[in-house]
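This report refers to the structure that appears directly beneath it.
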Amino acid sequence: MNAKKWLIDSDLLIEGERGNPQMLDWLEAVENVATSDIACTEFLVGAYQSAHPEKRERAFQFYRESISTCPNESHVFEDFENAARLLGEAWRDKKGKPSLADALMAATAIRTGRTVATRNVQDFKACGVPVENPLV
Amino acid sequence: MKATAADVGRSFHEYLSRVMHGGVSVEITYHGRRAAVLSPLPKKMSGAEFAKILRRHKPDPEAADEVARILKEHDEHERKEMADRFRSAH
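Keeping their order, the protein sequence lines are chains A and B.
Residue numbers for the first sequence follow numbering that gives the first Met the number 0, beginning at 0 and rising by one.
Residue numbers for the second sequence follow numbering that gives the first Met the number 0, beginning at 0 and rising by one.
Quick look at the structure:
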């Protein structure tokens, strides 16, 4: 059993909706998972913005029945301050091009001692946070 | 829910229990002003428990693709804007 504490990014939540067997197998092997406010928000943006009512409703249903049951690390003001630093430094020092959401997720993972689980490893590495892609 | 600092001080364990077990947040006022929030931390969940919940859901690649496509558009737009701003600032 993998004893790391994980913070699941929105791209992997989407893999959960897809029913990706690799994602499910990885989950079976890890001990402690959570997601974050920003990852949930990103998923919901995708659901709200869809122009297809059926897909929109199915995405909402997945959110209500699955994502919302996952423990959620809420952000505190310190996360926003640290996200600004991580984002600014990554771009300034040309370490990568993380988005604001990536940086906020990274800051929250650092504060809570979690490893980010995402397919977008490069941009989180640029933020200096422990990160792994469980789907490789 | 809201409570005064005096109430929370008198019945701290009761409020803490509501936060821990009821999942509610308590906004604490002090001399009539909003002063602090007592909120629950996330409960522990194993990956296997979350996988079990996900397996109950019928896989929906169509809806997943739609959400992924929209997030990718937002992501590319944000990165382009930031790159433009970064270039103009240097």
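Don't be surprised by glycine CBs; every beta carbon is placed ideally from N, CA and C.
| Item | Value |
| --- | --- |
| CB-CB length for A/A116 against A/D8, believed under 8 Å | 6 Å |
| Chain A contact for B/D59 (CB, 7 Å cutoff) | yes |
| Assumed close pair B/L53, A/S65 - CB separation to whole angstroms, cut-off 8 Å | 6 Å |
| Range of the contiguous alpha helix (DSSP H) that encloses A/I37 | 36-48 |
| Nonlocal neighbours in the same chain, by C-beta distance under 6 Å from A/A108, ignoring five residues either side | L6, V115, V128 |
| Positions along the stretch 43-56 of chain B whose CB lies within less than 7 Å of some CB in chain A | K43, M44, S45, G46, A47, F49, A50, I52, L53, R54, H56 |
| Sheet register partners of B/K42 (DSSP bridge) | BP columns for B/K42 are empty, so no partner. |
| Rounded separation between A/R17 and A/L11 - CA only | 9 Å |
| Backbone CA spacing between B/K72 and A/L99 [nearest angstrom] | In the sequence on display, residue 72 of chain B carries Glu and not Lys. Each residue's alpha carbon lies about 15 Å from the other. |
| Cβ-Cβ separation, A/A82 to B/P41 (assumed contact under 8 Å), whole Å | B/P41 to A/A82, Cβ: 19 Å. No contact. |
| Bridge partners - A/T114, DSSP secondary structure assignment | A/W5 |
| Same chain only: Cβ atoms within 7 Å of A/L86, ignoring 5 sequence neighbours per side | P97, L99, A102 |
| Residue of B/A34, B/P39, B/S10, B/I27 minimising C-alpha distance to B/H20 | B/P39 |
| Within 7 Å, strictly: CB atoms of A/N132 and A/R118 | yes |
| Residue burial classification, A/R57 (beta-carbon count within 10 angstroms, cutoff 16) | buried |
| Proximal residues, the stretch 62-76 of chain A versus chain B, C-beta separation under 8 Å | E64, S65, T68, C69, P70, N71, E72, S73 |
| Beta-carbon proximity list for A/M22, same chain, < 8 Å, skipping 5 on both sides | L11, E14, G15, P133, L134 |
| Residue interval of the beta strand (DSSP E) (run including B/I69) | Segment 60-88 is the alpha helix (DSSP H) holding B/I69; no beta strand (DSSP E) there. |
| Chain B within 7 Å of A/Q21, Cβ atoms only | no |
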